[in-house]
Amino acid sequence: MKSLAAPSPAADAVALAPDAEGEDALVRNGSLPEYVYAQLRQDIFDMRLLPGDQITETEIAAHFKVSRTPVRQALQRLQNDGLMQGYVRGGWEVVPIDFKRFSDLYEMRKLIETHAVRRLCAQGADQSVLAGLRATWCVAAEAREPDGPKAAQLDEVFHQSLVRAAGNQEMAESFDRLTDRIRIVRRLDFLYGDCLHSTYEEHAAILDSIAAGDAEGAMRLMGEHIDGSHAEVNQITLHRLHSARATATTKPPAYVSVRVRRSF
Numbered sequence: 034m035k036s037l038a039a040p041s042p043a044a045d046a047v048a049l050a051p052d053a054e055g056e057d058a059l060v061r062n063g064s065l066p067e068y069v070y071a072q073l074r075q076d077i078f079d080m081r082l083l084p085g086d087q088i089t090e091t092e093i094a095a096h097f098k099v100s101r102t103p104v105r106q107a108l109q110r111l112q113n114d115g116l117m118q119g120y121v122r123g124g125w126e127v128v129p130i131d132f133k134r135f136s137d138l139y140e141m142r143k144l145i146e147t148h149a150v151r152r153l154c155a156q157g158a159d160q161s162v163l164a165g166l167r168a169t170w171c172v173a174a175e176a177r178e179p180d181g182p183k184a185a186q187l188d189e190v191f192h193q194s195l196v197r198a199a200g201n202q203e204m205a206e207s208f209d210r211l212t213d214r215i216r217i218v219r220r221l222d223f224l225y226g227d228c229l230h231s232t233y234e235e236h237a238a239i240l241d242s243i244a245a246g247d248a249e250g251a252m253r254l255m256g257e258h259i260d261g262s263h264a265e266v267n268q269i270t271l272h273r274l275h276s277a278r279a280t281a282t283t284k285p286p287a288y289v290s291v292r293v294r295r296s297f
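In the working numbering, the protein residues as written are 34 to 297.
Next up, the structure:
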């Protein structure tokens, strides 16, 4: 495969990107690495890129019409996020499903969230936060969000809101990073629809316990809720990943030339 010539840093700042006005503004502001990072990250979370997909810096640079320098910076940032891994000669791979890694992340998630609800019960939760969450989750079945990806986003907001409301900023920031790392498997769960109604019911029960100041009950319910989500992660297979891509009506990006080959 031929390599693109590497422009100077100044050329990177004015390199051509897709023509949308917002994207042009990013280019003019010299934010090419940020732009490429955001696009690749969204492709992973929307499952246009799947675990095990392989890409190269050259192909990405050609697709976004930039040099390899901002591409490499974007990929290194994704590697720091735990979403990509580099191998040889500018080749990169979306991090494959690693069940031990997800088990560790879910254990950390359970520790943070059970601590958060215990603290909310002890100190009294912000009633405006609880009211906002109840307006979303304590609703009749016909009022529930039926769209899997949208429900997954609402689910993230629920958990992040409770952790932030506990008042520990460092813990909240750590939890946000953890959420990024488990997002793809959480979205798969919602895409299949298995957990939609149970999630509403479990969230409502957790909110009721917090509102009542029942720390023991809230911690138990949150722990069971997270354990159930973790169990679903362990059911993920290569076939289900491909099915999820089909269900989401997404196509692999044009810069992907090597398809998923791993089995889990």
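A virtual CB, placed ideally from N, CA and C, is assigned to each residue, including glycine.
Reference Ile217, options Glu235, Pro182, Ser194 and Arg197, closest by Cα: Pro182
Complete alpha helix (DSSP H) runs within the stretch 90-157 (minimum length 4 residues, chain order): 90-97, 101-113 and 132-156
Proximity below 8 angstroms, CB of Ala199 to CB of Leu153: yes
Same chain, Cβ closer than 6 angstroms to Glu146, neighbours up to 5 away in sequence not counted: Met255
Proximity below 8 angstroms, CB of Gly250 to CB of Ser262: no
Residue burial classification, Tyr120 (beta-carbon count within 10 angstroms, cutoff 16): exposed
Test item: CB-CB of Leu116 and Val127 under 8 angstroms: yes
Neighbourhood of His236 by C-beta, 7 angstroms cutoff - its chain only, sequence neighbours within 5 removed: Trp170 and Phe191
Integer-rounded CB distance, given that Gly124 should sit under 8 angstroms from Gln87: 6 angstroms
Glu178 versus Ala184: straight-line alpha-carbon distance, rounded: 6 angstroms
Option nearest Val162 by Cα separation, candidates Leu73, Ser194, Asp137 and Arg151: Ser194
Helix, strand or coil at Gln87 [DSSP, three-state]: strand
Distance between Asp180 and Asp131 (C-alpha atoms, nearest Å): 27 angstroms
Which listed residue (Ala176, Val172 and Phe135) has its alpha carbon closest to that of Ile259: Phe135
Helix, strand or coil at Val172 [DSSP, three-state]: coil
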